[in-house]
Amino acid sequence: MELLYFAWVRERVGTGQERIDPPEEVKTVADLVAWLAQRSPGHAEAFAEPERLRAAIDQKFVPLDAPLGRAREVALFPPVTGG
Amino acid sequence: MELLYFAWVRERVGTGQERIDPPEEVKTVADLVAWLAQRSPGHAEAFAEPERLRAAIDQKFVPLDAPLGRAREVALFPPVTGG
Amino acid sequence: MIRVVVTPEPINLATELAAIEANGAGGIASFTGIVRADGGVTELELEHYPGMTEAALTELAEIAAERWSLLGATIVHRVGRMRLGERIVFVGTAAHHRQEALEACAFLIDRLKTGAPFWKRERRGDAAEWVAAKESDDHAAERWGG
Amino acid sequence: MIRVVVTPEPINLATELAAIEANGAGGIASFTGIVRADGGVTELELEHYPGMTEAALTELAEIAAERWSLLGATIVHRVGRMRLGERIVFVGTAAHHRQEALEACAFLIDRLKTGAPFWKRERRGDAAEWVAAKESDDHAAERWGG
Chain A
1 MELLYFAWVR
11 ERVGTGQERI
21 DPPEEVKTVA
31 DLVAWLAQRS
41 PGHAEAFAEP
51 ERLRAAIDQK
61 FVPLDAPLGR
71 AREVALFPPV
81 TGG
Chain B
84 MELLYFAWVR
94 ERVGTGQERI
104 DPPEEVKTVA
114 DLVAWLAQRS
124 PGHAEAFAEP
134 ERLRAAIDQK
144 FVPLDAPLGR
154 AREVALFPPV
164 TGG
Chain C
167 MIRVVVTPEP
177 INLATELAAI
187 EANGAGGIAS
197 FTGIVRADGG
207 VTELELEHYP
217 GMTEAALTEL
227 AEIAAERWSL
237 LGATIVHRVG
247 RMRLGERIVF
257 VGTAAHHRQE
267 ALEACAFLID
277 RLKTGAPFWK
287 RERRGDAAEW
297 VAAKESDDHA
307 AERWGG
Chain D
313 MIRVVVTPEP
323 INLATELAAI
333 EANGAGGIAS
343 FTGIVRADGG
353 VTELELEHYP
363 GMTEAALTEL
373 AEIAAERWSL
383 LGATIVHRVG
393 RMRLGERIVF
403 VGTAAHHRQE
413 ALEACAFLID
423 RLKTGAPFWK
433 RERRGDAAEW
443 VAAKESDDHA
453 AERWGG
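Protein chains in written order, with this note's numbering: chain A, 1 to 83; chain B, 84 to 166; chain C, 167 to 312; chain D, 313 to 458.
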């Protein structure tokens with residue numbers, strides 16, 4: 001699974017992109033966030049407050065309780081602020 | 084009193100501007116319209132249907148029942164269609 | 167800053183937008199009206215009331231500037247003969263926030279249609295016809311109250 | 313015609329307006345967002361999600377085009393670093409009637425703020441800070457329903 005991070009999530013994790021292979025019990029985006037938080041101190045800092053995160057699966061916005069299903073690309077980021 | 088005509092009012096009257104001196108009993112714009120209608124066949128055609136006319140006194144829109152007061156410039160024209 | 171222009175010359179959009187942007191706002195809204203081939207129209211002619219037109223447009227711009235705290239408002243209206251595709255009117259508004267700029271822009275074009283002394287004549291080949299006022303324009307102007 | 317551009321280059325207003333006018337509409341509405349000196353901001357930086365950004369903007373433009381029968385819709389969003397006074401975003405809409413163009417333009421800028429993957433970072437001299445999302449933007453986006 002390809003992971004993408006943007007804005008301060010990217011900065012805290014320390015990279016904008018990584019390839020991971022989560023265990024079977026990681027079924028939703030929220031599960032993924034909790035699992036990722038254990039990977040490094042940077043991940044822990046980025047994913048400490050899941051309520052501050054937003055997500056996209058295969059380039060579509062999804063809520064954090066969305067199932068990962070057959071996701072190829074999952075992006076995690078703060079609420080958007082364009083325009 | 085300076086009279087100005089625009090659009091089809093101007094075309095029917097045959098001029099865009101004339102100086103007139105209405106009698107004392109002409110007190111409102113509507114009185115003026117009725118009085119003007121008698122001046123020529125062109126005026127008669129232009130002023131036959133007062134409900135199709137709009138007016139301005141000294142460059143401010145006014146309703147037809149507005150008093151002429153000390154008007155120096157009265158304009159008569161169809162409803163506006165700019166923009 | 168308020169800018170009102172009534173002119174027989176073509177409207178230069180780049181010039182007008184540069185002028186409205188020069189007010190230092192965060193948001194610029196604009197509306198441009200263009201001559202359409204409505205029912206076979208080949209040319210449009212705009213008559214106006216010199217002096218009163220400029221005063222009426224300036225007053226409209228001042229009302230909008232106060233109501234929406236604008237940093238700038240521009241109204242440019244062309245008069246005389248225009249061909250298909252040419253610009254009839256440009257309205258631009260500058261504000262700190264987008265909502266103010268957008269609303270003021272809609273207000274100005276709605277009110278301009280019923281509150282400034284312009285008269286349109288459509289030409290279709292050799293035939294010319296004065297355009298009748300639209301009730302929908304009255305309703306659009308009235309929705310702003312005042 | 314729908315035109316979506318995400319670019320690190322300055323936005324050329326004259327080019328964009330000419331493109332949106334080329335749709336042959338009677339009314340063109342536009343909104344331009346500009347970098348302001350809000351609370352001492354000296355520079356703005358825009359990050360985005362390449363691929364998803366273009367798809368999200370195209371979908372927004374398609375929704376607007378259908379809902380307001382647009383003849384054209386343009387969204388140009390700049391990314392990367394921008395100085396004060398530079399354009400961040402341009403939205404243009406072309407329709408037969410002014411109301412449709414104006415409403416669709418307001419819709420697009422409201423929805424773009426909450427529905428496309430952009431992130432703003434404000435620089436004040438050497439300090440940089442990610443901009444927090446505004447609740448008022450959520451409300452503005454929600455008023456369009458759907």
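C-beta: ideal position from N, C-alpha, C; glycine also.
>> What does the Cβ neighbour count give for K286(C), buried or exposed, with the cut at 16 atoms within 10 Å?
In response: Classification for K286(C): buried.
> Is the Cβ of T344(D) closer than 9 Å to any Cβ of chain C?
Replying inline: The beta carbon of T344(D) sits closer than 9 Å to some beta carbon of chain C.
> At a Cβ threshold of 9 Å, is P174(C) touching chain B?
Replying inline: Not one chain B Cβ lies under 9 Å of P174(C).
> Does the region 235-255 of chain C come close enough to the region 175-191 of chain C to have 3 or more Cβ pairs within less than 8 Å?
Replying inline: A contact exists between the region 235-255 of chain C and the region 175-191 of chain C.
> When you check each C-beta in the region 272-297 of chain C against every C-beta of chain B, which residues fall closer than 7 Å?
Replying inline: Going along the region 272-297 of chain C in chain order, one finds I275, L278, K279, T280, A282, P283, F284, W285, K286, W296, V297 with a Cβ nearer than 7 Å to chain B.
> Which value, in whole angstroms, describes the spacing of the CA atoms of D109(A) and T28(A)?
Replying inline: In this structure chain A extends from 1 to 83, so residue 109(A) is not present and cannot be described.
> How would you write the range of the alpha helix (DSSP H) that V29(A) sits in, first residue to last?
Replying inline: Annotation for V29(A): the continuous alpha helix (DSSP H) segment containing it runs 29-36.
> Taking the alpha carbon of G192(C) as the point to measure from, which residue in E333(D), V318(D), Y361(D), F402(D) has its own alpha carbon closest?
Replying inline: Nearest of E333(D), V318(D), Y361(D), F402(D) to G192(C), Cα basis: F402(D).
> Going straight from the alpha carbon of E252(C) to that of A55(A), what length do you get?
Replying inline: Distance between the alpha carbons of E252(C) and A55(A): 46 Å.
> Looking at the structure shown, is M394(D) part of a helix, part of a strand, or coil, going by DSSP?
Replying inline: M394(D): strand per DSSP, three-state reduction.
>> Against chain C, with Cβ distances strictly below 9 Å, would Q142(B) count as a contact?
In response: For Q142(B), the answer is yes, since a Cβ of chain C falls inside 9 Å of its Cβ.
> Of all the CB atoms in chain D, is at least one closer than 9 Å to the CB of H262(C)?
Replying inline: The beta-carbon of H262(C) is placed less than 9 Å from the nearest beta-carbon of chain D.
> Hey, A282(C) and V163(B) are a contact pair by Cβ (cut 8 Å); roughly how many whole angstroms apart?
Replying inline: Contact holds; Cβ gap of about 6 Å.
> Quick one: which chain A residues come within Cβ less than 7 Å of A389(D)?
Replying inline: The question names Ala, but residue 389(D) in the sequence shown is His. Residues of chain A passing the Cβ test: G82.
> Once you ignore the five residues that flank A120(B) on each side, which residues in its own chain have a CB closer than 6 Å to its CB?
Replying inline: Within the same chain, A120(B) has close Cβ partners H126, A127, F130.
> Any chance the region 262-274 of chain C sits against the region 231-239 of chain C, with 3 or more Cβ pairs inside 8 Å?
Replying inline: Yes, they touch.
> Could you give the distance in angstroms between the alpha-carbon of R348(D) and the alpha-carbon of P161(B)?
Replying inline: The alpha-carbon atoms of R348(D) and P161(B) are separated by roughly 45 Å.
>> Suppose the cutoff is 7 Å on Cβ atoms and the five residues either side in sequence are ignored; what does the same chain contact list for M313(D) look like?
In response: N335, G384, listed in sequence order.
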